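Structure first, commentary second.
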Amino acid sequence: MLLQRNMALCSLVLLSVFLFYSCFASPPNFVLLFADDLGFGDLGCYGHPTSLTPNLDRLAAGGLRFTDFYCTSPVCSPSRASLLTGRYQTRSGIYPGVLYPGSIGGLPLNETTIAEVLKPQGYATAAVGKWHLGVGLNGTFLPTKQGFDQYLGIPYSHDMGPCWNLTCFPPDVKCFGSCDIGAVTVPLMHNEVIKQQPVDFLDLERLYSDFATNFITTSAKKKQPFFLYYPSHHTHYPQYAGPHAAGKSLRGPFGDALLEFDNTIGNLLATLEQTGEINNTLIFFTADNGPELMRMSHGGNAGLLKCGKGTTYDGGMREPAIAFWPGTIKPGVTHELASTLDILPTIAKLAGAKLPTVLLDGVEMTDLLINGGTSEREAMMFYPTDPTEMYGLFALRLGKYKAHFYTRGAGHSGTVPDKDCQIFSVLKAHDPPLLFDLESDPSEFYPLFLFEHPELKDVLERIMKVKQQFEATMVFGESQIDKGSNPDLEPCCNPQCSPKPSCCHC
Ligand code: MG
Numbered sequence: 048m049l050l051q052r053n054m055a056l057c058s059l060v061l062l063s064v065f066l067f068y069s070c071f072a073s074p075p076n077f078v079l080l081f082a083d084d085l086g087f088g089d090l091g092c093y094g095h096p097t098s099l100t101p102n103l104d105r106l107a108a109g110g111l112r113f114t115d116f117y118c119t120s121p122v123c124s125p126s127r128a129s130l131l132t133g134r135y136q137t138r139s140g141i142y143p144g145v146l147y148p149g150s151i152g153g154l155p156l157n158e159t160t161i162a163e164v165l166k167p168q169g170y171a172t173a174a175v176g177k178w179h180l181g182v183g184l185n186g187t188f189l190p191t192k193q194g195f196d197q198y199l200g201i202p203y204s205h206d207m208g209p210c211w212n213l214t215c216f217p218p219d220v221k222c223f224g225s226c227d228i229g230a231v232t233v234p235l236m237h238n239e240v241i242k243q244q245p246v247d248f249l250d251l252e253r254l255y256s257d258f259a260t261n262f263i264t265t266s267a268k269k270k271q272p273f274f275l276y277y278p279s280h281h282t283h284y285p286q287y288a289g290p291h292a293a294g295k296s297l298r299g300p301f302g303d304a305l306l307e308f309d310n311t312i313g314n315l316l317a318t319l320e321q322t323g324e325i326n327n328t329l330i331f332f333t334a335d336n337g338p339e340l341m342r343m344s345h346g347g348n349a350g351l352l353k354c355g356k357g358t359t360y361d362g363g364m365r366e367p368a369i370a371f372w373p374g375t376i377k378p379g380v381t382h383e384l385a386s387t388l389d390i391l392p393t394i395a396k397l398a399g400a401k402l403p404t405v406l407l408d409g410v411e412m413t414d415l416l417i418n419g420g421t422s423e424r425e426a427m428m429f430y431p432t433d434p435t436e437m438y439g440l441f442a443l444r445l446g447k448y449k450a451h452f453y454t455r456g457a458g459h460s461g462t463v464p465d466k467d468c469q470i471f472s473v474l475k476a477h478d479p480p481l482l483f484d485l486e487s488d489p490s491e492f493y494p495l496f497l498f499e500h501p502e503l504k505d506v507l508e509r510i511m512k513v514k515q516q517f518e519a520t521m522v523f524g525e526s527q528i529d530k531g532s533n534p535d536l537e538p539c540c541n542p543q544c545s546p547k548p549s550c551c552h553c
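Read the sequence shown against the working numbering and you will find it ends at 553, with the numbers running on by one and no gaps.
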């Protein structure tokens with residue numbers, strides 16, 4: 048009798064909770080911050096001694112900080128494709144390398160982005176910053192064609208244009224670097240229209256910050272749930288910073304650029320507080336790929352991880368990541384395995400949205416975020432910058448073990464003393480694979496050999512099984528980057544002018 052009464056009481060409580068949420072709780076907002084070419088060791092809250100990142104540190108102190116979080120590629124475009132689709136870049140065809148200003152291809156329109164997942168739920172969506180998933184003929188692949196209501200930004204990397212217009216503060220000082228002198232100057236686009244060409248980098252962050260904070264304020268006023276995606280350019284070479292950040296960090300141009308990005312994060316937090324949305328917003332921060340070590344002190348820092356951008360060592364793809372949601376996510380640190388792939392399914396679950404009806408590589412992590420549970424992610428796959436069906440995976444992490452089937456250095460990671468990172472370290476096959484225990488050896492210094500560790504035979508067998516099962520599901524999409532480039536497709540504010548590219552100046 049007592050049991051029956053308790054059960055009835057329990058059902059009543061559950062029903063009330065359900066009714067409360069269905070009647071009163073508004074769907075959460077999402078702010079997705081994505082840094083560029085930023086390494087595991089670049090933030091104050093990840094141990095950098097001179098980075099000045101007070102707002103990111105605040106997110107880390109009040110949120111969940113990941114130690115084992117991975118992006119899917121050691122370069123920009125493929126990593127962004129995976130973030131926005133929850134699928135490895137090989138499926139969407141964003142390989143090899145990255146897209147260029149005149150690229151014919153882009154993220155295929157039949158791929159479903161996070162923004163497209165949220166639109167049917169009534170979300171307002173905006174992207175601000177570096178897109179790098181294609182422009183194409185008549186702006187075919189711009190964010191406004193991929194589920195975003197609004198876009199303000201440079202649609203690719205800001206070194207993909209001559210840097211003669213890229214001045215640092217004070218305004219008469221040239222930034223470090225020479226960039227791509229044969230392309231059009233870097234444009235600033237608003238939706239599908241060029242607003243400035245060349246862009247004024249010293250004022251760019253103010254425009255981005257105003258755009259993003261206005262978007263939050265307007266959505267909040269309309270009581271419309273929102274998704275803001277801010278992929279920042281800042282820490283990508285050549286670094287720039289306006290007057291409020293230049294010379295303000297102890298770390299030089301990289302530190303100043305990072306500080307300017309961090310200042311905008313502070314503005315976003317203040318706006319979320321002012322609008323009363325802070326407790327109903329999941330803020331997620333991570334980065335697209337590891338540091339470009341070839342830029343030396345102007346590149347980022349992978350901390351204790353091996354190598355950086357361009358490589359499938361952990362320095363190329365393991366990133367800082369922070370999830371912040373006051374009152375919902377408990378502050379702490381997690382060592383669970385997670386990835387940019389998992390963000391789409393997580394956001395979909397929290398918004399009550401339908402998942403795309405395609406094979407997803409992401410797994411949702413709400414239990415990990417909200418209840419401190421375990422990640423459903425068992426393994427992480429590592430493709431090189433130029434994946435092929437012939438070679439397949441370069442590496443695979445299963446639990447704490449990572450196996451390298453191939454290793455190779457990269458130009459992007461040259462200049463560090465470790466020879467394995469340098470471009471002269473040519474492709475090398477490993478059979479049996481080179482095995483590391485990333486919990487005891489996160490720097491991938493000490494391979495484990497079976498003759499010394501016969502107990503690892505089972506581990507290797509499991510890794511090979513997971514690899515085989517995964518690769519059996521992998522259908523390579525048609526390469527969008529191999530479609531090539533056409534200089535006529537480079538964004539030009541004065542399309543009929545001549546001679547290009549110098550006449551594209553408005
Ligand atoms: Mg990048």
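Backbone N, C-alpha and C fix where the C-beta goes; we use that ideal spot for every residue, glycine too.
Remember, predicted model here, so these are calculated numbers, not experimental data.
Distance between residue j and residue i (C-alpha atoms, nearest Å)
i    : j    : result
S120 : D433 : 10 Å
M428 : G208 : 33 Å
A259 : S279 : 12 Å
D309 : L103 : 6 Å
E158 : T132 : 7 Å
G176 : D478 : 42 Å
F332 : P367 : 8 Å
D505 : L497 : 10 Å
G289 : G439 : 43 Å
F71  : L445 : Here F71 scores only 42 on pLDDT, less than 50, and its place in the model is too uncertain to base an answer on.
T271 : P378 : In the sequence on display, residue 271 carries Gln and not Thr. One C-alpha to the other measures close to 27 Å.
K242 : Y277 : 18 Å
L391 : R112 : 19 Å
L402 : A395 : 7 Å
H237 : D408 : 32 Å
P143 : E239 : 26 Å
Y453 : N348 : 24 Å
P431 : K269 : 44 Å
L485 : M341 : 25 Å
G181 : F116 : 26 Å
L46  : G200 : Lying before the first or after the last residue shown, residue 46 is absent from the chain, which here runs from 48 to 553.
H291 : T191 : 31 Å
N-terminal and C-terminal residue of the alpha helix (DSSP H) that residue i is part of
i    : result
D414 : 413 to 418
L352 : That residue, L352, is in no alpha helix (DSSP H); it is neither H nor E in DSSP.
M325 : Looking at the sequence shown, residue 325 is not Met but Ile. Here I325 belongs to no alpha helix (DSSP H), and DSSP marks it neither H nor E.
P480 : Here P480 belongs to no alpha helix (DSSP H); instead the beta strand (DSSP E) covers 475 to 484.
P367 : Taken as a continuous stretch (DSSP letters only), P367 belongs to no alpha helix (DSSP H), being part of the beta strand (DSSP E) at 365 to 371.
M511 : 504 to 520
G313 : 299 to 321
L391 : 390 to 398
Enclosing beta strand (DSSP E) for residue i [first to last residue]
i    : result
P379 : Checking the sequence shown, residue 379 turns out to be Gly, not Pro. Start and end: 379 to 381.
Q197 : 197 to 200
A171 : 171 to 175
Y203 : Note, Y203: premise wrong, no beta strand (DSSP E); not H, not E.
N76  : 76 to 82
T462 : Unbroken run through T462: none, as it is neither H nor E.
K447 : From DSSP, K447 is part of no beta strand (DSSP E); its letter is neither H nor E.
Cβ neighbour criterion (16 or more within 10 Å) applied to residue i
i    : result
F77  : buried
N541 : exposed
T100 : buried
Q543 : exposed
C551 : buried
G531 : exposed
E525 : exposed
E518 : exposed
Y203 : buried
Y493 : exposed
G362 : buried
F471 : exposed
L165 : buried
G169 : exposed
P234 : buried
H500 : exposed
S487 : exposed
V380 : exposed
N327 : buried
K475 : exposed
S129 : buried
CB contact check: residue i to chain B, cutoff 8 Å
i    : result
S266 : Looking for chain B here will not work: only one protein chain is present.
(message) Ignoring anything shorter than 3 residues, give me the beta strand (DSSP E) runs that lie fully in the region 232 to 287, in order along the chain.
(response) 235 to 237, 240 to 243, 273 to 278
(message) Just to confirm the assignment: which complete beta strand (DSSP E) runs, minimum length 3, are found wholly within the region 102 to 164?
(response) 111 to 117
(message) Which residues end up in the neighbourhood of the ligand MG when you take C-beta atoms closer than 6 Å to any of its heavy atoms?
(response) D83, D84, C123, H283, D335, N336
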